[in-house]
Amino acid sequence: MPATASPAQSSASDVAVRHDWKRSEIDALFALPFNDLLFQAASVHRAHFDPNAVQVSTLLSIKTGACPEDCKYCSQSGHYNTELEKEKLLEVARVVEEAQAARDKGASRFCMGAAWRSPRDKDMPYVLDMVRQVKSLGLETCMTLGMLDQGQAEALADAGLDYYNHNLDTSPEYYGQVITTRTYNDRLSTLANVRDAGMKVCCGGIVGMGEQRDDRVGLLQQLANLPHHPESVPINMLVKIEGTPLADVDDLDPFEFVRTVAVARILMPESYVRLSAGRQEMNDEAQALCFLAGANSIFYGERLLTTDNPEASHDKQLFNRLGIHPLDLRHEASDEAHEEVIKAQVAEQQAEDAGLFYNAMAQSEGGKRPAKHVLDKDTGRPAATEH
Ligand code: SAM
Ligand code: DTB
Ligand code: SF4
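Okay, here's the thing in structure tokens:
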């Protein structure tokens, strides 16, 4: 596909989902005049999504600081003195409380992050319990706990975890400048374990770490050429943390950030592209450009993991000013569940009309009325069975 595909070509049916992007093609997209790039990205976006709907997740740090990894951007690495207050693994009840509050404020997904290289066996039962309980609130669940082996990924999937976040962070070439305690291949193995266990993948990276455009190209190429595109692609702008080696790196041109979002949207047309960390340092106009370029997910709530995010009231105002509405997956789930219930009722009626259903029931269950599905008013999902 030429990098300059005209907007007329950009309909859902003819924008193929590709996994064979060449670096030169991605380079060419980055090099387009800004307006052309945005137009192309916006066209791809509206061919696959409602361009005015944004998915909203809330983050919680469930275990903070003292991390053995040496990620040069991170407030939580034990290698740097960032004066962060460390915290042990939170109690399950506390996590559930926070999830409930996030849900009540309109989040559809709750993401739990831990400053671990990988979870220890003794942590797993607590983490699995968190997944089960948060999920039972009707929220989608996401976790980011570091590297996972196959068994851990399967246990999380069995507990009902919907998404696992594990970022590639940057290009394979720049990676060694940023992290030395785990390799790019380690990250790819964890992503494969998550995929094999049947969970959805949330995987992206950070820009503004002093990398070159070529590294942003390399990161997006890695993501777009994975066997399946991550369902969620967080693009983080570096939040500079005092005490870390990247604290004083030069600012990235905000238009280059928008370009990165636009190219991610074009390469991965069916993925949610998340305008992730760094919104607090961005003005509303830059964020609006990111939404135009195809970003359709954000973190919502005053805190990311250890740093500030815009006030919820500010985001509400921004959404109002832009005519954006939060994507409420609960309503979508509710619509689907509702449709299933209606279908079941129609089938039941048809069977009844044919005089077959109750006769069969009478024989097998002593004439009990068939069960009716009831929707939970909060989650919109089938909740109880009424007789
Ligand atoms: N410890 C786990 C791991 O690294 O896999 C999970 C938590 S970690 C904080 C999740 C991601 O947050 C990182 O991979 C990185 O992409 C992003 N991140 C961390 N610190 C950041 C910062 N200062 N600015 C922007 N993004 C950051
Ligand atoms: C991701 O890509 N960004 C989020 C989430 N995944 C876990 C984390 C952003 C962290 C920003 C710095 C902080 O708050 O510590
Ligand atoms: Fe640890 Fe994750 Fe921070 Fe790296 S990014 S230091 S692994 S918490």
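Numbered according to the numbering used here, the sequence shown spans residues 2 to 388.
Note that the Cβ used here is the ideal one computed from N, Cα and C, for glycine as well.
Could you tell me which of the options sits nearest to residue i, measuring between CA atoms?
i: P173; options: Y164, R183, K317 and N166; result: R183
i: P255; options: K317, E26, D150 and A289; result: A289
i: C75; options: T245, Q213 and F292; result: T245
i: Y127; options: E98, K106 and V93; result: V93
i: Y301; options: L253, R275, N284 and R322; result: R275
i: S62; options: P270, P311 and E303; result: E303
i: I207; options: L224, E232 and K201; result: L224
i: I267; options: F40, V45, V218 and A29; result: V45
i: G66; options: T59, H80, L60 and S58; result: H80
i: W117; options: L129, T145, R104 and D197; result: T145
i: S109; options: V195, V55, A156 and L149; result: V55
i: M269; options: N168, H229, P34 and L85; result: H229
i: E282; options: L305, T191, L85 and D187; result: L305
i: V179; options: M210, E86 and S190; result: M210
i: A313; options: K106, A29, G139 and R95; result: K106
i: L85; options: I242, I27, A156 and C72; result: I242
i: A265; options: K87, Q213, N237 and D71; result: N237
i: E232; options: V195, L253, L38 and V218; result: V195
i: D187; options: L220, E155 and M148; result: M148
i: N36; options: C291, P327 and R322; result: C291
i: P120; options: K64, E98 and F258; result: K64
i: V250; options: G219, E98 and K73; result: K73
i: I325; options: A287, N53, D71 and E155; result: N53
Under the three-state reduction of DSSP, which class applies to residue i: helix, strand or coil?
i: N194; result: helix
i: T261; result: helix
i: I299; result: strand
i: I242; result: coil
i: M113; result: strand
i: S44; result: helix
i: P126; result: helix
i: G177; result: helix
i: H326; result: strand
i: D51; result: coil
i: D216; result: helix
i: L157; result: helix
i: Y273; result: strand
i: C291; result: helix
i: A237; result: According to the sequence displayed, residue 237 carries Asn and not Ala. Reduced to three states, the DSSP call for N237 is strand.
i: G152; result: helix
i: K73; result: coil
i: L61; result: strand
i: K89; result: coil
i: R19; result: coil
i: N166; result: strand
i: Q25; result: Reading off the sequence shown, one finds Ser at residue 25, where the question assumed Gln. Helix.
i: V97; result: helix
i: A316; result: For clarity, residue 316 is Asp in the given sequence; the question names Ala instead. Helix at D316.
i: D249; result: coil
i: M131; result: helix
i: K136; result: helix
i: D309; result: strand
i: R121; result: coil
i: R391; result: The requested residue 391 does not occur in the structure, where the chain is confined to residues 2 to 388.
i: E232; result: coil
i: N360; result: The pLDDT assigned to N360 is 34, lower than 50, so where the model puts this residue is not dependable; a value taken from the coordinates is nonetheless given after this. Note: N360 maps to helix in three-state DSSP.
i: E286; result: helix
Contact check, residue i vs residue j under 8 angstroms by CB: the rounded distance?
i: A390; j: G295; result: Residue 390 lies beyond the stretch modelled for the chain, which goes from 2 to 388, so this question has no answer here.
i: G205; j: L239; result: Rounded, the Cβ-Cβ distance is 13 angstroms, inconsistent with contact.
i: R260; j: F31; result: 6 angstroms
i: D285; j: L253; result: Wrong, their Cβ atoms sit about 18 angstroms apart, outside the cutoff.
Can the beta-carbon of residue i be found closer than 8 angstroms to that of residue j?
i: T308; j: Q77; result: no
i: Q222; j: R47; result: no
i: Q153; j: D197; result: no
i: R133; j: G161; result: yes
i: L293; j: A17; result: no
i: S277; j: P235; result: yes
i: D216; j: T171; result: yes
i: C143; j: D159; result: no
i: L90; j: D124; result: yes
i: V202; j: Y176; result: no
i: C112; j: L192; result: no
i: N95; j: L140; result: Note that residue 95 is Arg in the sequence shown here, rather than Asn. Going by C-beta atoms, R95 is not nearer than 8 angstroms to L140.
i: D21; j: N310; result: no
i: I299; j: V57; result: yes
i: A100; j: L138; result: yes
i: L157; j: M200; result: yes
i: D71; j: T181; result: yes
i: N321; j: F50; result: no
With a cut-off of 5 angstroms, give the chain-ordered residues whose Cβ is closer than this to any heavy atom of the ligand SF4. C68, E70, C72, C75, Q77, S78 and A116
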